[in-house]
Ligand SMILES: Nc1ncnc2c1ncn2[C@@H]1O[C@H](COP(=O)(O)OP(=O)(O)OP(=O)(O)O)[C@@H](O)[C@H]1O
Ligand SMILES: [Mg+2]
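Residue numbers (the numbering used here): 3 to 266.
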């Protein structure tokens, strides 16, 4: 099995060397926890290895993504249109070929395929940041839409990161549908400890992989990006969501199921 480096060597070591090729990996978590920067590592690594890369951005403009990457010394501009296409679903500029005028699963897929055709054959990396933007107003559709994306895009030789927002204060996690469809789930969390914002990461699922099951504290370092700071002693078992939240998610999922036709 071929594995793709995440661009964070410390993280690769936790998943037997990298993400299995062709996987659909969900990055879920609260705002500001590092999902976008984690995704930029994946793209920067792809560019380094010569993989075509496509980045769909729904909450930040293309310029903002390029600027953020530059802060970690990745020059995305030099690869633009040759190895990298950033599809901007925020600015919606009609004269921009790689702008999405409407944020629907079908439009997104069509644009991604168009970008893939432009970049050429072979394995490629795709980031959808965020996938939850596609179903914020219709959470019951999240699983169906995620399934559709995975099924269609798989045929195009992509290894996919899909970020999704997650808030335990809501009765339904927006990422819920994504997580069931995903081959891997990387959970990002934040907490204030000792008066300071800390960020944590946990691999909740990585199919076909004997992955690490510890919570890791991460940090974003200027000029470097994400680093793993230390391993916490808690493990997944200790880190699970409170029981009432789990119950609510379970109920929401049962409702969700009823909306899914047999043939998706
Ligand atoms: N150059 C930098 N140096 C140090 N830390 C930085 C730098 N740039 C960004 N950060 C940190 O990274 C955070 C943003 O991370 P990121 O954009 O990956 O979050 P996210 O999980 O994608 O959030 P959202 O769900 O809101 O999109 C910032 O709030 C800041 O703390
Ligand atoms: Mg983000």
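Virtual Cβ for every residue (Gly too), placed ideally from N, Cα, C.
Taking each of 208, 82, 50, 76 in turn and checking the Cα distance to residue 163, the smallest one comes out for 208.
Looking from the CA of residue 193, the closest CA among 18, 34, 4, 29 belongs to 34. Separation of residue 76 and residue 101 (C-alpha to C-alpha, rounded to the nearest whole angstrom) is 22 Å.
The Cβ atoms of residue 233 and residue 32 do not sit closer than 8 Å to each other.
The three-state secondary structure of residue 192, taken from DSSP, is strand. Runs of the alpha helix (DSSP H) lying entirely within the region 64-118, each at least 4 residues long, are 64-72 in chain order.
Taking C-beta separations shorter than 6 Å and ignoring five residues to either side along the sequence, the partners of residue 117 in its chain run 56, 87, following chain order. Cβ-Cβ separation between residue 9 and residue 44: approximately 6 Å, consistent with a contact (criterion under 8 Å).
In this structure, residue 92 sits near residue 62, with a CB-CB distance shorter than 8 Å.
DSSP, reduced to helix, strand and coil, places residue 10 outside both helices and strands of the structure shown, so it counts as coil.
In terms of side-chain proximity, the C-beta atom of residue 61 is found nearer than 7 Å to a non-hydrogen atom of ligand 2. For residue 137, there is no enclosing beta strand (DSSP E), as DSSP marks it with neither H nor E. Annotation for residue 31 indicates a beta carbon within 7 Å of some heavy atom of ligand 1.
Around the beta carbon of residue 167, 16 or more other beta carbons sit within 10 angstroms, so the residue counts as buried.
Under the criterion of beta carbons closer than 8 Å, residue 48 and residue 145 do not qualify as touching, at roughly 28 Å. Residue 150 sits in a helix when the DSSP states are folded into three classes. Any heavy atom of ligand 1 within less than 5 Å of a residue's beta carbon puts that residue on the list, which reads 33, 34, 35, 36, 37, 38, 39, 73, 222, 224. Residues of the same chain with a CB within less than 7 Å of the CB of residue 199, apart from the 5 flanking positions on each side, are 192 in chain order. Distances between the C-beta of residue 131 and the heavy atoms of ligand 2 include at least one below 7 Å. When DSSP reads this structure, residue 28 sits in a beta bridge with 164, 187.
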